[in-house]
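Quick notes on the structure that follows.
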Amino acid sequence: MAKYKSYDYSQQVLLPVSLEEQLVPGTLEFALHTLVDTRMDMSVFDEKYKNDETGRAAYDPKILLKVVLFAYSRGIVSSRKIERACQENVIFMALACGQKPDHSTIAGFVSSLKDEILPLFRDILLVCEEEGLLGGTVFALDGCKISSNASKQWSGTIGDLERTKQKLEKKVKQLLAEQRDTDKREGRGSRKGGGGGDGGNRQKQMDRLKKKAARIDEWLKQNGPKRGATGKEIKSNVTDNESAMMATWHGTLQGYNGQALADKKHQVILHGEVFGNGQDHGHVPPMLDGAKENLKKIGLPEDYFKGKLFAADSDYHSRTNMLKCQQEGLDAYIPDNKFRQRDPRFANRERHRRPARKKFGLKDFQYKKKTDQYICPEGKKLNLECKRTATAGTVYRKYRSQAKDCKGYLSMEKCIWFKHGRRKTLMVPIGPDGVNLTKQMIQKVDSEAGKKIYIQRMAIVEPIFGNLRIQKRLDHFTLRGKIKVNIQWLLYCMVHNIEKIVNYGYAGAG
14 MAKYKSYDYS
24 QQVLLPVSLE
34 EQLVPGTLEF
44 ALHTLVDTRM
54 DMSVFDEKYK
64 NDETGRAAYD
74 PKILLKVVLF
84 AYSRGIVSSR
94 KIERACQENV
104 IFMALACGQK
114 PDHSTIAGFV
124 SSLKDEILPL
134 FRDILLVCEE
144 EGLLGGTVFA
154 LDGCKISSNA
164 SKQWSGTIGD
174 LERTKQKLEK
184 KVKQLLAEQR
194 DTDKREGRGS
204 RKGGGGGDGG
214 NRQKQMDRLK
224 KKAARIDEWL
234 KQNGPKRGAT
244 GKEIKSNVTD
254 NESAMMATWH
264 GTLQGYNGQA
274 LADKKHQVIL
284 HGEVFGNGQD
294 HGHVPPMLDG
304 AKENLKKIGL
314 PEDYFKGKLF
324 AADSDYHSRT
334 NMLKCQQEGL
344 DAYIPDNKFR
354 QRDPRFANRE
364 RHRRPARKKF
374 GLKDFQYKKK
384 TDQYICPEGK
394 KLNLECKRTA
404 TAGTVYRKYR
414 SQAKDCKGYL
424 SMEKCIWFKH
434 GRRKTLMVPI
444 GPDGVNLTKQ
454 MIQKVDSEAG
464 KKIYIQRMAI
474 VEPIFGNLRI
484 QKRLDHFTLR
494 GKIKVNIQWL
504 LYCMVHNIEK
514 IVNYGYAGAG
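The sequence shown begins at 14 in the working numbering and counts up one residue at a time.
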């Protein structure tokens, strides 16, 4: 006969736990505890609290910051999950010193860091500088598109949203008519809800549709069209209008473009910021200005970037970005989007070869001066989309057709260059680029020295996004609005920099 050890769930066990002993030197939690207590100026929170004479005692911001930063390092973003961790996980208990802040306190604390987040980020950056983690010679900039707390289904132009509202209202009327017909057939008159069954479900569906229609209607009353960089209307979002629809390698998403400017030596982030714009053509100026301000606050000179190397991918190749680098004295390497086609190492790659079939050229399109339009060989109109855009040292006017005009034509393959393109884009050269920054950049990037410098970009900044997206599981933002989303992004950047301090510099962590 089998014999097992006896057990009794009703027994009581006393577990002696020293909270301080759970924070072991050399770990991230110990570094967080030490840095927040000794190196971060928490007096920035004092102005928020006026409860010294009356009112309930508040949770110490030190406790909340430690808990939030450690939660983000473990990939926990939800305030409810952080609350639960403070009740169940011994390391969270140690950082919270046995206190148990609820989810609303945690969420409110994170959302309220608008004025405090940058000073806190700079405190960590100062420690990085003091521990010799900044090389100050080579820098790289890149962005990571992350989903926001908003659905693509609530996106559209003002016209799109108006039509969606009308469809919802039409569906409500249709369901109401069906309900009346059902009531008449069953002899219940026009009694609301139909007494249950399908009638009850139909009523719930109508309530949901009415709520959606009312939400869109209220939003339309308070908001106008959202304009892009060219002044053309772009899609708005009812839930979070500061986020944007962005194209990624995995499809489109509604979200924010998280930017990080990193130092080469240990990939320390000098500045981070989110933008509700998937295009990087104008992101270098605000990122460099933000980094300069951060470095100035920790005692470094204003001309910190002068004469240093800077690299960014082809998405940043624009006159605005290159001029900013020139003004700051940066030796920048930002290739245009055709630099791989010029590289002899890719000469034999099939994906970089142009199709052999002949395409329609500019001479095949007829220009109408009066309306400023081009007419394609099929008789369809191409309207002006951009008056001035520079590529490879030449200034162009851009004309585009409507997708519905191109659909179904046999000559589409001869007209549209890309395999999955839906409409024709016609670039009409109007002259050379004034300063010809693109030509200068092409010569730099295509040189042997330039190739060696530019290739460092991936090793500098890409591991940061690998750490945040994969190791920290930052696959979406939980807050809404640029200000609050930017707080979350900078908190993650702080966690990344603190890990660098633990691994490479901070003596107190070991």
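Note that the Cβ used here is the ideal one computed from N, Cα and C, for glycine as well.
Q) If we ignore side chains and look at the alpha-carbon of each, how far apart do residue 298 and residue 323 end up? A) To locate residue 298, count along the sequence shown from 1; it is residue 285. To locate residue 323, count along the sequence shown from 1; it is residue 310. In this structure, the alpha-carbon of residue 298 lies about 13 Å from that of residue 323.
Q) residue 106: buried (16+ other C-beta within 10 angstroms of its C-beta) or exposed? A) Counting from 1 along the sequence shown, the entry for residue 106 is found at position 93. Counting C-beta atoms within 10 angstroms of its own C-beta, residue 106 has 16 or more neighbours from the protein chains shown and is therefore classed as buried.
Q: Would you mind reading off the limits of the beta strand (DSSP E) that contains residue 286?
A: Position 273 of the sequence shown holds residue 286. Annotation for residue 286: the continuous beta strand (DSSP E) segment containing it runs 282–288.
Q.
In the DSSP output, what is residue 273 paired with across the bridge?
A. The sequence position of residue 273 within the sequence shown is 260, counting from 1. Beta-bridge pairing by DSSP links residue 273 to 155 and 285.
Q: Compute the distance between the beta-carbons of residue 75 and residue 49, then report whether it is under 9 Å.
A: Translated into the one-based positions of the sequence shown, residue 75 becomes position 62. Translated into the one-based positions of the sequence shown, residue 49 becomes position 36. For residue 75 and residue 49, yes; Cβs fall inside 9 Å.
Q. So, helix, strand or coil for residue 323, using DSSP?
A. In the sequence shown, the residue the question calls residue 323 occupies position 310. The answer is strand: DSSP assigns residue 323 an E or B state.
Q. What are the partner residues of residue 243, as DSSP defines its beta bridges?
A. Locating residue 243 in the sequence shown gives position 230, counting from the first residue. As computed with DSSP, residue 243 is found in no beta bridge at all.
Q: Provide the residue span of the beta strand (DSSP E) that contains residue 407, from first to last.
A: As a first step, residue 407 must be located in the sequence shown, where it is residue number 394. Start and end: 407–414.
Q) If you draw a straight line from the C-alpha of residue 111 to the C-alpha of residue 92, how long is it? A) Here residue 111 is taken as the residue at index 98 of the sequence shown, counted from 1. Here residue 92 is taken as the residue at index 79 of the sequence shown, counted from 1. A direct Cα-to-Cα measurement between residue 111 and residue 92 gives close to 17 Å.
Q.
Quick check: residue 142 and residue 312, are their CB atoms within less than 9 Å of each other?
A. What you label residue 142 is simply residue 129 of the sequence shown in a count that begins at 1. What you label residue 312 is simply residue 299 of the sequence shown in a count that begins at 1. Going by beta carbons, residue 142 and residue 312 fall inside the 9 Å limit.
Q | Contact between the stretch 273–293 and the stretch 150–159 (3+ Cβ pairs under 8 Å) | A | Contact between the stretch 273–293 and the stretch 150–159 is present, with at least three C-beta pairs closer than 8 Å.
(Q) Please report the distance separating the alpha-carbon of residue 407 from that of residue 449. (A) Here the question's residue 407 lines up with position 394 in the sequence shown. Here the question's residue 449 lines up with position 436 in the sequence shown. Approximately 8 Å, taken between the alpha carbons.
Q) Quick one: is residue 231 near chain D, going by C-beta distance under 9 Å? A) Of the protein chains in this structure there is only one, and it is not chain D.
Q. Excluding the five sequence neighbours on either side, which residues of its own chain have a C-beta within less than 6 Å of the C-beta of residue 165, listed in chain order?
A. Taking the first residue of the sequence shown as 1, we reach residue 165 at position 152. Exclusion of the five residues before and after residue 165 leaves 267 as the residues of its chain whose Cβ lies within less than 6 Å of its Cβ.
Q. What does a CB cutoff of less than 7 Å around residue 85 pick up in its chain, not counting 5 residues either side in sequence?
A. Counting from one through the sequence shown, the residue named residue 85 turns up at place 72. Here the set comprises 485, 504, 505 and 508.
Q. Which one of 327, 343 and 337 has the shortest CA to CA distance from residue 354?
A. Along the sequence shown, one-based indexing puts residue 354 at 341. The shortest Cα separation from residue 354 among 327, 343 and 337 belongs to 327.
Q: Quick one: grab the DSSP three-state call for residue 384.
A: Working through the sequence shown from its first residue, we reach residue 384 at position 371. The answer is coil: DSSP assigns residue 384 none of H, G, I, E or B.
Q: Would you decide whether residue 462 is buried or exposed? Buried here means 16 or more other CB atoms lie within 10 Å of its CB.
A: Numbered from its first residue, the sequence shown carries residue 462 at position 449. Classification of residue 462: exposed, given that the 10 Å Cβ count is below 16.
(Q) Please report the distance separating the alpha-carbon of residue 501 from that of residue 38. (A) Along the sequence shown, one-based indexing puts residue 501 at 488. Along the sequence shown, one-based indexing puts residue 38 at 25. Rounded to whole angstroms, residue 501 to residue 38 spans 27 Å at the Cα level.
Q: Scan the stretch 112–198 and note each continuous beta strand (DSSP E) run of 3 residues or more that stays entirely inside, going in chain order.
A: Listed in chain order, the complete beta strand (DSSP E) runs (minimum 3 residues) inside the stretch 112–198 are 151–160.
Q. For residue 97, which three-state DSSP category applies?
A. As a first step, residue 97 is located in the sequence shown; it is residue number 84 there, counting from the start. Three-state result, residue 97: helix.
Q. With 16 as the cutoff for other CB atoms within 10 Å, does residue 472 come out buried or exposed?
A. If you number the sequence shown from 1, residue 472 lands on position 459. Counting every other CB atom within 10 Å of its CB across the protein chains shown gives residue 472 a total below 16, marking it as exposed.
Q. Which residue or residues does DSSP assign as beta-bridge partners of residue 261?
A. Position 248 of the sequence shown, counting from 1, holds the residue named residue 261. Beta-bridge partners assigned by DSSP to residue 261: 264.
Q: Have a look at residue 90 and residue 246 and give me their C-alpha separation to the nearest angstrom.
A: The residue given as residue 90 occupies position 77 in the sequence shown. The residue given as residue 246 occupies position 233 in the sequence shown. Residue 90 and residue 246 have their C-alpha atoms some 34 Å from each other.
Q) When DSSP labels each residue in this structure, what does residue 206 get in the three-state scheme? A) Within the sequence shown, the letter at position 193 stands for residue 206. Residue confidence is low: residue 206 scores 48 on pLDDT, short of 50, so the model does not pin down where it sits. Its coordinate-derived value is still stated next. The answer is helix: DSSP assigns residue 206 an H, G or I state.
Q. How many angstroms separate the CA atom of residue 375 from the CA atom of residue 439?
A. Your numbering for residue 375 matches position 362 in the sequence shown. Your numbering for residue 439 matches position 426 in the sequence shown. Between the C-alpha atoms of residue 375 and residue 439 there is a straight-line separation of about 7 Å.
(Q) Do residue 134 and residue 307 have their beta-carbon atoms positioned less than 9 Å apart in this structure? (A) Here the question's residue 307 lines up with position 294 in the sequence shown. Here the question's residue 134 lines up with position 121 in the sequence shown. Annotated as proximal: residue 307 and residue 134, with beta-carbon spacing under 9 Å.
Q | Best match in 428, 417, 437 and 382 for proximity to residue 395 [C-alpha to C-alpha] | A | Locating residue 395 in the sequence shown gives position 382, where the first residue counts as 1. When each option's Cα is compared against that of residue 395, the closest is 437.
**Q.** Range of the contiguous alpha helix (DSSP H) that encloses residue 517
**A.** One-based indexing of the sequence shown puts residue 517 at position 504. Taken as a continuous stretch (DSSP letters only), residue 517 belongs to no alpha helix (DSSP H), as it is neither H nor E.
Q | Bridge partner(s) assigned by DSSP for residue 344 | A | What you label residue 344 is simply residue 331 of the sequence shown in a count that begins at 1. Within the DSSP secondary-structure output, residue 344 pairs in a beta bridge with 322.
Q | As assigned by DSSP and simplified to three states, the class of residue 365 | A | Taking the sequence shown and counting its residues from 1, the one referred to as residue 365 is at position 352. Confidence is the limiting factor: at residue 365 the pLDDT is only 47, short of 50, which leaves the residue's position unreliable and the question unanswerable from this model.
**Q.** Buried/exposed call for residue 14, threshold 16 Cβ in 10 Å
**A.** Position 1 of the sequence shown, counted from the start, is the residue given in the question as residue 14. Burial call: exposed.
**Q.** Inter-residue Cα distance where the pair is residue 238 and residue 256
**A.** If you number the sequence shown from 1, residue 238 lands on position 225. If you number the sequence shown from 1, residue 256 lands on position 243. Cα-Cα distance, rounded: 14 Å.
Q: Tell me where the alpha helix (DSSP H) around residue 451 begins and ends.
A: Counting from one through the sequence shown, the residue named residue 451 turns up at place 438. Looking at the DSSP string, the run of the alpha helix (DSSP H) that includes residue 451 is 450–459.
Q | Close-in-space but distant-in-sequence residues of the same chain around residue 454 (CB under 8 Å, 5 per side omitted) | A | Your numbering for residue 454 matches position 441 in the sequence shown. In chain order, 330, 335, 345, 346, 347, 348 and 349 place their CB closer than 8 Å to the CB of residue 454, counting only its own chain and leaving out the 5 sequence neighbours on each side.
Q | Among 295, 55 and 428, nearest to residue 128 - alpha-carbon criterion | A | Residue 128 sits at position 115 when you count from the first residue of the sequence shown. Checking every option, the nearest Cα to that of residue 128 belongs to 55.
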